[in-house]
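For reference, the structure discussed in these notes is given below.
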Amino acid sequence: MSVNEAMPDLLRNWIADQEVPAASGETVPKLSPHDGSHLYNLTRSARLDVERAVSAARAAQPAWAGLTAVARGRVLSGIAAAMRDHEDDMGRVVARETGKSLREAVGEVRGAAQLAEFFAGEGMRLYGRSLQSGVPGKYTHTIRQPHGVAALIVAANTPIANIAWKVFPALICGNAAVLKMAEDAPATALLFAHIAAEAGLPAGVLNIIQGLGAEAGQALVEATVDVISFTGSTGVGRRIAASAGERLVRLSLELGGKNPLVVCDDADLDNAVKWTLLSAFSNAGQRCAASSRIIIFDAVYDAFVEKLVAGTQLLKLGNTDACDLGPVINERQLMAMLAVIDEMRGRGATVLAGGRRLDGAHAAGFYLAPTLLADIDPADPHADRELFGPVTALYRASGYEAAIRLANSTSYGLTASIHTRSVDRAVDFAQRVRAGTVNVNAGTYGSEPHYPFGGFGASGNGTREPGVEALDVYSETKTISFLVEAARL
Ligand code: NAD
């Protein structure tokens, strides 16, 4: 597959600049989220394929690390330029396999190119520190060195952005990488690999493994790699942490969220409704930073909910640029969410909007009507479960302290937002809410290439990506001292 070719029937692995099928010859079908049609198959990799990719990365890494970081940055700049040249091709591939609109998909490609530009610049700023010693004549500084081979595993929700978040910081630090792509976005990864190769990335520095998480993903986690960076669900993250911990492999986990958006009694309600709709439902709610809990002061509950229900009912579903949200990524995910909604309804939750699969023109696609749930007991077992779709839960709070308690009542701590005109409340909330990102009078999402992103609690293991903080994930710090003795002068 190259940039200008039609999509092949089989999406293969990418190892040392070659498309290679999995040794087993087995495949997995990829369906269109928009209409359920069969798009293509992806090769079903297992341990042997992963070992080949890791060997290719291991062989290519020393020469890549031997370039100056400035030279590696020039290669990343070339990839950024190539991504911008091919933003429509890439956008079409992203849109086809995720079901999002072309406008959104191209926006995502531009964001990914910006990440390449940011980390290209970091090649000129791969700073260490100069340290003061307590010993006369001792001069100390630190440098960053690559780990070696980076295992990168990502989700499909924003596929090209997820790739960029990991590949570019890993490469600028001098690692070679094996990327296990999400099984729901195989073509995005393969096209990215072709574009990177055509832009001058040396063979073997980036390798792609296609296949299922429990097979190819787990094999990569268990392979001889030096750092693992994972973006996905908290359950899988826990298993990866156990395996990496056993071998003391460096690890970064970017996991789920159950992010609160608080609407105070002094909020601009129209603005709060706008950001609730965007945070809960854009990208079909498939954002780790989606607002899945809306905490509303009693005093404005009825007025806010009336506006929110009206806004939800106006949302347009489909995969064109005029639409507000598309389908979820696969049927398994859709059915799992419908089952949870039904269970919660059975325990007394009220469905104020949605709660059903779309029928009519979208019946064959994986569309869930944007769903608002109310009257949920915060102690309900599902209240702390990330659904990763267009579903959000509405809670009442008697006042500010009650809102903070509710906001901090889940095991996650990724992002949070508060809508208020009070500077005091905004400042206090930002300090006290358990979240890695806090926004005021905005949504719960909106990270940028230079922002550190990550969460408290079950949202991760304390690392932050991207931003300059990502360099800490992908490099080791070495402390170097020189001792000058007067007698040798
Ligand atoms: P998932 O955990 O099922 O899969 C994510 C990736 O891991 C896929 O590539 C999958 O193939 C692989 N995988 C699955 N099982 C594996 C295993 N046993 N060993 C190794 N790899 C395995 O998650 P998903 O449903 O595809 O994605 C949604 C999740 O990702 C949500 O929880 C969301 O919050 C999270 N996410 C987090 C961030 C962040 O930055 N914190 C960003 C995007 C998505």
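Numbering (the numbering used here), first residue to last: 139 to 627. Here a beta-carbon is modelled for each residue, glycine too, at the ideal position from N, C-alpha and C. Treat the numbers as computed from the prediction; the structure is a model and nothing was measured.
Check	Outcome
Alpha-carbon to alpha-carbon, Gly275 and Phe620	8 Å
Distance between beta carbons of Val188 and Ala357, contact taken as under 8 Å	4 Å
The region 149–163 / the region 347–355 touching (three or more Cβ pairs under 8 Å)	yes
Exposure of Asp226, with buried meaning 16 or more beta-carbon neighbours within 10 Å	exposed
Cβ-heavy atom distance, Ala352 to the ligand NAD, below 7 Å	yes
Straight-line Cα distance separating Asn546 from Pro516	11 Å
Where the beta strand (DSSP E) containing Ser555 begins and where it ends	Thr553 to His557
Range of the contiguous beta strand (DSSP E) that encloses Val576	Thr575 to Val578
Coarse secondary structure for Tyr178, derived from DSSP in three states	strand
Euclidean distance between Cα positions of Phe591 and Leu552	8 Å
Leu510 to Pro307 span [Cα, whole Å]	38 Å
DSSP beta-bridge partners of His500	Looking at the DSSP assignment, His500 forms no beta bridge with any residue, so it has no partner.
Range covered by the beta strand (DSSP E) that runs through Val365	Val365 to Thr369
Length-filtered (4 minimum) alpha helix (DSSP H) runs lying within the region 378–464	407–419 and 436–452
N-terminal and C-terminal residue of the alpha helix (DSSP H) that Thr236 is part of	Glu225 to Thr236
Inter-residue spacing [alpha-carbon to alpha-carbon] between Lys168 and Arg563	47 Å
Classification of Arg485 by the beta-carbon crowding that lies within 10 angstroms, buried from 16 upward	exposed
Selection from Asn179, Ser193 and Tyr178 that minimises the alpha carbon distance to Arg185	Ser193
Unbroken alpha helix (DSSP H) run spanning His279, endpoints	Per DSSP, His279 belongs to no alpha helix (DSSP H); it is in the beta strand (DSSP E), Lys276 to Pro284.
Thr372 Cβ short of 7 Å to the ligand NAD heavy atom set	yes
Touch test, the region 358–375 against the region 385–394, Cβ-Cβ under 8 Å, three pairs minimum	yes
Residue nearest to Val522 in terms of C-alpha spacing, selected from Ser430, Arg241, Gly229 and Cys311	Residue identity differs from the one stated: residue 522 is Asp in this sequence, not Val. Measuring from the Cα of Asp522, the nearest candidate turns out to be Ser430.
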